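Take the sequence shown: its letter number 35 is residue 69 in my numbering, and every next letter is one higher. As structure tokens, the structure follows; a few thoughts come after it.
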Amino acid sequence: MDEPEFAWKILHGVAGHLREIDTKIEEVAPEWPLARIALIDRNILRLGLYELMYANPEEVPPKVAINEAIELAKNYGGPNAGRFINGVLGTVFKKTQETT
């Protein structure tokens with residue numbers, strides 16, 4: 035799959051699962067209501083969570099999804115975005131590992 039096709043696939047996936055993804059963010063980071071999370075950080079979280087929760091792990095391994103989200107946050111997010119996103123995605127990843 036080429037990069038533009040992959041990007042559209044991810045975008046459509048996030049849009050199609052937005053309610054579930056936002057619910058997961060609220061569940062894992064209850065002290066951070068969605069409205070308080072900076073827009074860019076919120077969208078990076080959504081991308082990462084979509085890849086963790088719904089993407090084919092052979093296409094996007096979970097640790098790659100987490101690392102890519104952290105790098106996006108470091109480059110484009112707020113000063114603590116990388117740590118925050120790492121914490122949320124890491125928690126979701128650990129919980130999925132415990133249930134499988």
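A virtual CB, placed ideally from N, CA and C, is assigned to each residue, including glycine. These numbers were taken from a predicted model, which means no experiment stands behind them.
Simplified DSSP assignment, three categories, for residue i
i      : result
His46  : helix
Asp36  : coil
Ile59  : helix
Ile100 : helix
Val122 : helix
Glu93  : coil
Beta-carbon proximity check, residue i vs residue j, cutoff 8 angstroms
i      : j      : result
Pro95  : Phe127 : no
Ile100 : Gly116 : no
Ile119 : Asp75  : yes
Val62  : Ile55  : no
Lys108 : Leu83  : no
Residue i versus residue j - alpha carbon distance
i      : j      : result
Leu52  : Ala69  : 15 angstroms
Leu123 : Gly112 : 17 angstroms
Leu79  : Leu86  : 10 angstroms
Glu60  : Val98  : 23 angstroms
Gln131 : Thr125 : 10 angstroms
Ala89  : Leu81  : 10 angstroms
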